[in-house]
Amino acid sequence: MVLEVALIDVVAGREDEFAAAYAKGHELLVTTPGCRSVRMTRGIESPSRFVLLVEWDSVAAHEENFRATERFTTWRSLIGPHFAAPPVVEHFTDVPA
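Given below as structure tokens:
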């Protein structure tokens, strides 16, 4: 399992529009093969900053089943207009205790 973390800065004043666009496109992401869970969080101190957390079976599941498909194009067309800057996206794995 890998965790995709996307730091998303939204244009100030458009946070509610972004959240509505995310809600509209959520199903595209969560039904992607290899997607285990999706969670969007919003900053308290920085309310224009959102963090998207997606658990994938693998990096390949993210890239091949979502990023390389029409799902991503549609997703990005919904949420992308609200970006203040391109999101910073990285993948992480758990550290054993």
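First residue of the sequence shown? That's 3 in our numbering, and the numbers climb one at a time after it.
Glycine is no exception: its CB is placed at the ideal position from the N, C-alpha and C atoms.
Since the model is a prediction, treat every value here as computed from it, not as a measurement.
- If you look at Phe74, you'll find it in the alpha helix (DSSP H) that goes Glu72 to Ile81.
- Taken through DSSP and simplified to helix, strand or coil, Arg41 comes out as strand.
- A contact is defined here as three or more CB-CB pairs under 8 Å, and the segment 8-17 meets this definition with respect to the segment 72-90.
- Residues of the same chain with a CB within less than 6 Å of the CB of Arg51, apart from the 5 flanking positions on each side, are Asp11 and Gly45 in chain order.
- Taking Phe74 as reference, the option from Thr43, Glu19, Thr34 and Leu5 with the minimal CA-CA separation is Thr34.
- If you check the CB distance, Thr76 and Gly27 come in under 9 Å.
- DSSP links Glu57 through a beta bridge to Leu5 and Ser39.
- Partner residues in the beta bridge of Ile10, as assigned by DSSP, are Phe52.
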